[in-house]
Structure formats: structure tokens, C-alpha cells
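Below: one structure, written as C-alpha cells.
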Amino acid sequence: MQSEQAQVTDVEILRAVARGDELALGALYDRYRIILFGLLVRILNSREEAEDVLQEVMLQVWRRAADFDEQRGRPFTWLVTLARSRAIDRLRLLGARQRLADSAARNSPHEATDAVKDTLHSEQREIVQRALADLPKEQTRILMLAYFEGLTQSEIATRLATPLGTVKTRMRSGMIKLRELLGNEIKSLY
Amino acid sequence: MAHEDYKEMLAAQVLNALEAPEMRDLEAHLQSCAECRSQLSDLEATAAGLAFASMETIPLEPSLQLRGRILEAVRADVTAAGTAIKEAKDGQQPQSSNVVPLKQPRTWSSAQTWRAIAAGVVVVGLGATLFVGKQNREARQELARLTTQVRDAHRQLIQQREAIEIVTAPGARMTELAGTKVMPEAHAMLAYDKNGRAILMAKGLPPAPAGKAYQLWFIAGGKPMPGKVFTTDASGAGALKDQVPPEARNAAVFAITLEPENGVLSPTGEMYLSSAS
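If you're matching them up, the sequences are chains D and H in order. Just add 10 to the spot in the first sequence (first one is 1) and you have this note's numbering. Just add 684 to the spot in the second sequence (first one is 1) and you have this note's numbering.
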């Protein structure tokens, strides 16, 4: 688990990136490439698209590092938010010309090497999965459809043949419960 | 709509699950509501944690080449490079007082760690050392100018190689896009192979305004299908790799419009370039 000192270093790295330090951007990439790439592959279901979007995200970080405001959140939150928004924009673009069905992405993974074990985040994964397991199943399903498939509330309502009002309530309850469940643990997540 | 209504939309907002009009309303409310902004930040942190749920037991790793491609793209990014040089020239320091500047010993040790991590990128390391070591402003400006030239040349070389690969592939096609009345001097060439692998090279397009980018469109049967977005450099040149959808590989019209930087599903901006219909 990363210490508070490592967290400060994240902010320092972003400040160095904001000053045009390429090495700092490389360090940021090294630290978060596994979690961001895993997220992007899960959303886009394609290694190629995920790499393309990860490149765009890092370029966006390079251009906008000066906009990062540590009072408003952690660097990790900022990075994941950027990556997910980009991926969902891309997913919606691809959806308009038929969603890619690159199942090979999951069948032939490039597995992480021993050298990157410190960035595997396995402890964080367990914390989040335990919290998700404690949510009612219908809430988890709605959160997953929004988070990983990029569906809006109306699209989820259609997909699940559930009234829109119910979807809204479940989504909100699910996120609030998750915030409680992660509670203090969220500070040690990253 | 009341404050409580907006509050209930925050969870959906951090999941990108609101419809566009709701999102716009909420964003307007957030400008003036500190309580909602604070709750939004909390929920964003929770949503970021969900990324860990995507991790496989055996995590996936991007290809080894991606790191190099990202650093290459960053070096080719003229706008950001210009900013970095300007800041170095002006001698600006970060405004926050609780972050130690790079020049102080503690942060310098972080820089050494980065260098160790990036040991493979010898040229970058050498460039950075030179940059820090040389206090002479003229030398720095000369180094920056030459570095930009090398980056531009390298980027152009890669684009040209890719273009040659596509153009020389069996069954390759080339289509010319001419500037519309919005930008008559603009010009572009789209080449694609039989699998739809495409490269677009454009000239004469002014750098897009902040928050905007050029987007490629494949128009088949009168219906525009969105392509990817790209930007242009200071000379007005830009390139894009994309995939032509199967239904657009025959008798399609290709066009370029100016759109929000992440691209849109249907064209909303002015058309800058178009192929003959």
C-alpha cells in the first residue's frame, strides 16, 4: 500500500509535468499504466483502442497538468476520470459505427511481468470487490453498466426493462452505499 | 429545478450516465453551488475506486512500445513544448507553497528516481540534463529550437512511413479532399487499404481553437459516420490514422468539420474539407 509520502509525490510529479518535464510524465505513466490500461480494455474491449486512448489521455495530462487542482481531488481520481471520460466518448463514437467485438483482447492478454508487481494494486482490487459484493445485486449491475459500458440512465432502463425512476434511485443509492463502504479505506486505496 | 434535484443527479454525473441536457443543467448549477461541488468530488473519488474492479486476476499490461509512443507524441506536441519553454524563460515557479520545487534537493532525488525508471530513454535524459545544466539562455533557446525540429522531422518520417505502407498495399485507394469556402486553401489526402486501414494527411488547416479539434466523417448513403479527431501544428499540417467503416469503403464522401475536441456522434460544426460526391 502506498504511503502518504508517495501521494505527495504524485502531486509533485504532476507539477513537474505542468512545467514541461517529460521524465515526470514517464514516471506517471509507469505508476498508473496497469490500472488505467485495465480500465480502458474493460470499457473498450480492444487492446488497440485502449492503447490509443491511453496515449490520448497521457497527452491530455501533458497539456492540462497545470489545470490540476489538488484541493478538488487526488491525482489518481483526476487520471481515472480523464481516462474513463475519453473511453466513453470513444465507445459512443465506435457504437455509432458498430461496436468493436474484439474478444481476442481478453483471450491473449499481455500479462504483467514480475518487475511491475508493485503496481498491480491487488490489495485495492480486493477492497473494492468486497465493497461491491456488499451492495444489492441490482444496484451493482446498474453501476457496472454505467461504469464499464458507458450506458446512460435511460439506456440502462431500456436494457433492463426497468422504469427510469427505479434506475435513477438504484444508481444513486448504490454510489452512496459504495462511498460509505469504501469510507476510510478509500484514502489508502491510492 | 431545485438544489435537491441537482444533488440527486451527482451520482449519475460521476458515472457519465446523465443525458446531455441534464448534464448541461447540472454543470450550470455546479458553478454556483459549493455543496454540490464538494459532494461531486467525494463521489468522483468513489467512482475512481471502481477502476480497481476492472482489474483481472492477472493484470493486463500495454505493449512495451506504448511508453515510447507517448513520449514521442509529447515531444511532437508543439503547443505544450512552447509553453514549457516560455515558463523556463520566464523563470516561473509553481504557485502552491506546499510543493517543493524541482531544484531543491528533496525533489531532485525524485527526479533521479524518474531518471532510473526512464533509463532506457537515454536521449531524453541527456536532453534534460543539458537543459538543467545550461544556464545560458541562448543555449537553451537553441536547444529547444533544434529539439523541436528533430521532433517534427521524426514525426513526419513516421507519418510518411505509415502513408507509404497504406498506399502501397494491394487494393489501396486514395481520395482527395478539397477546402470548402470556409477554408479554400486547405487540402487533404485520405489513403486507405482494402481492410479500411486509413491515413489522412491535411494541410492548410489553422490550429484549432482551445477545446476544439478537426473530425473526419465517412458519409455513405447521405449518412455521416464519425471518424476520429485530430489537430494541426503551427504550419497548418495534421495527420490522422483511422479505420474506414466497411459501408464507407465504396462510393463514400469524406469530410472534415471543426468539433468539440473529444469528437461528436453527428457533425455540428462547419465543414472545412470535403471529397467530391
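Where is the CB? At the ideal position from N, CA and C, for every residue including glycine. Every value quoted in this text rests on a predicted model; they were computed, and no experiment measured them.
If you reduce the DSSP assignment to three classes, tell me which class residue i lands in.
i: residue 67/D; result: helix
i: residue 941/H; result: strand
i: residue 878/H; result: coil
i: residue 768/H; result: Confidence at residue 768/H is low in this model, with a pLDDT of 42, below 50, so the placement of that residue should be treated as unreliable; the coordinate-derived value is given next. Here residue 768/H sits in helix by DSSP.
i: residue 716/H; result: helix
i: residue 956/H; result: strand
i: residue 792/H; result: Confidence is the limiting factor: at residue 792/H the pLDDT is only 38, short of 50, which leaves the residue's position unreliable and the question unanswerable from this model.
i: residue 172/D; result: coil
i: residue 744/H; result: strand
i: residue 926/H; result: strand
i: residue 783/H; result: Because the pLDDT at residue 783/H is just 30, under 50, the model does not fix this residue reliably, and the value given afterwards should be weighed accordingly. Residue state, collapsed to three classes: coil.
i: residue 913/H; result: strand
i: residue 759/H; result: helix
i: residue 896/H; result: strand
i: residue 931/H; result: helix
i: residue 105/D; result: helix
i: residue 192/D; result: helix
i: residue 864/H; result: coil
i: residue 707/H; result: helix
i: residue 685/H; result: coil
i: residue 730/H; result: helix
i: residue 122/D; result: Reliability of the predicted coordinates at residue 122/D is poor, the pLDDT of 49 falling under 50, and no value is obtained from them.
i: residue 852/H; result: coil
i: residue 739/H; result: coil
i: residue 29/D; result: coil
i: residue 921/H; result: coil
i: residue 908/H; result: strand
i: residue 857/H; result: strand
i: residue 886/H; result: strand
i: residue 902/H; result: strand
i: residue 110/D; result: Here residue 110/D scores only 45 on pLDDT, less than 50, and its place in the model is too uncertain to base an answer on.
Along chain D, in chain order, which residues have C-beta atoms closer than 8 Å to that of residue i?
i: residue 879/H; result: What residue 879/H touches in chain D: nothing, since even the nearest Cβ is about 13 Å away.
i: residue 937/H; result: Residues of chain D passing the Cβ test: none, with the nearest at roughly 15 Å.
i: residue 695/H; result: 181, 182, 184, 185, 186
Considering only the alpha carbon of each residue, which of the options lies closest to residue i?
i: residue 30/D; options: 135/D, 89/D, 52/D, 72/D; result: 72/D
i: residue 647/H; options: 922/H, 961/H, 881/H, 866/H; result: In this structure chain H extends from 685 to 961, so residue 647/H is not present and cannot be described.
i: residue 705/H; options: 162/D, 65/D, 155/D, 69/D; result: 162/D
i: residue 748/H; options: 36/D, 52/D, 82/D, 150/D; result: 36/D
i: residue 931/H; options: 904/H, 952/H, 720/H, 690/H; result: 904/H
i: residue 885/H; options: 872/H, 835/H, 892/H, 826/H; result: 872/H
i: residue 187/D; options: 93/D, 142/D, 60/D, 156/D; result: 142/D
i: residue 699/H; options: 91/D, 190/D, 174/D, 169/D; result: 91/D
i: residue 70/D; options: 150/D, 24/D, 135/D; result: 24/D
i: residue 685/H; options: 697/H, 709/H, 730/H; result: 709/H
i: residue 192/D; options: 158/D, 42/D, 134/D; result: 134/D
i: residue 74/D; options: 60/D, 28/D, 152/D; result: 28/D
i: residue 874/H; options: 864/H, 761/H, 856/H; result: 856/H
i: residue 832/H; options: 757/H, 883/H, 865/H, 859/H; result: 757/H
i: residue 716/H; options: 690/H, 697/H, 753/H; result: 690/H
i: residue 169/D; options: 184/D, 151/D, 132/D; result: 151/D
i: residue 916/H; options: 928/H, 865/H, 899/H, 929/H; result: 899/H
i: residue 697/H; options: 174/D, 157/D, 175/D; result: 157/D
I want to verify the contact list: residues of chain B whose CB lies under 9 Å from the CB of residue i, in sequence order.
i: residue 158/D; result: The chain inventory of the structure shown lacks chain B, comprising the protein chains D and H.
Check whether the Cβ atoms of residue i and residue j lie closer than 8 Å to each other.
i: residue 80/D; j: residue 21/D; result: yes
i: residue 64/D; j: residue 734/H; result: no
i: residue 67/D; j: residue 100/D; result: no
i: residue 160/D; j: residue 53/D; result: yes
i: residue 924/H; j: residue 862/H; result: no
i: residue 897/H; j: residue 954/H; result: no
i: residue 949/H; j: residue 155/D; result: no
i: residue 943/H; j: residue 913/H; result: yes
i: residue 889/H; j: residue 867/H; result: yes
i: residue 877/H; j: residue 853/H; result: yes
i: residue 189/D; j: residue 926/H; result: no
i: residue 60/D; j: residue 47/D; result: yes
i: residue 82/D; j: residue 49/D; result: no
i: residue 673/H; j: residue 829/H; result: This structure gives no information on residue 673/H, because the portion of chain H shown stretches from 685 to 961.
i: residue 951/H; j: residue 918/H; result: no
i: residue 694/H; j: residue 720/H; result: yes
i: residue 823/H; j: residue 87/D; result: no
At a CB-CB cut-off below 7 Å, which residues of chain H make contact with residue i?
i: residue 134/D; result: 736
i: residue 189/D; result: 726, 727, 730
i: residue 168/D; result: Near residue 168/D there are no residues of chain H at all, since even the closest Cβ is about 13 Å away, more than 7 Å.
i: residue 138/D; result: 733, 734, 736, 737
Starting from the beta carbon of residue i, find every residue of chain H whose beta carbon is closer than 8 Å, and list them in chain order.
i: residue 148/D; result: Per Cβ cutoff of 8 Å: no residues; residue 148/D is ~15 Å from chain H at best.
i: residue 201/D; result: The question about residue 201/D has no answer, for chain D in this structure spans 11 to 200.
i: residue 172/D; result: Those do not exist, as residue 172/D stays about 14 Å from chain H at its closest Cβ, beyond 8 Å.
Taking Cβ-Cβ distances shorter than 9 Å, what residues in chain H pair up with residue i?
i: residue 176/D; result: Those do not exist, as residue 176/D stays about 13 Å from chain H at its closest Cβ, beyond 9 Å.
i: residue 78/D; result: Going along chain H, no residue has its Cβ under 9 Å from residue 78/D, so there is no contact; the nearest lies around 11 Å.
Original post:
Touching or not, the segment 938-945 of chain H and the segment 830-843 of chain H, by the rule of three or more beta carbon pairs under 8 Å?
Top reply: The answer is no - the segment 830-843 of chain H does not touch the segment 938-945 of chain H, with fewer than three Cβ pairs under 8 Å.
**OP:** Specify whether the segment 145-158 of chain D and the segment 175-193 of chain D touch according to this definition: at least 3 beta carbon pairs, one from each stretch, less than 8 Å apart.
**Re:** The segment 145-158 of chain D vs the segment 175-193 of chain D: in contact.
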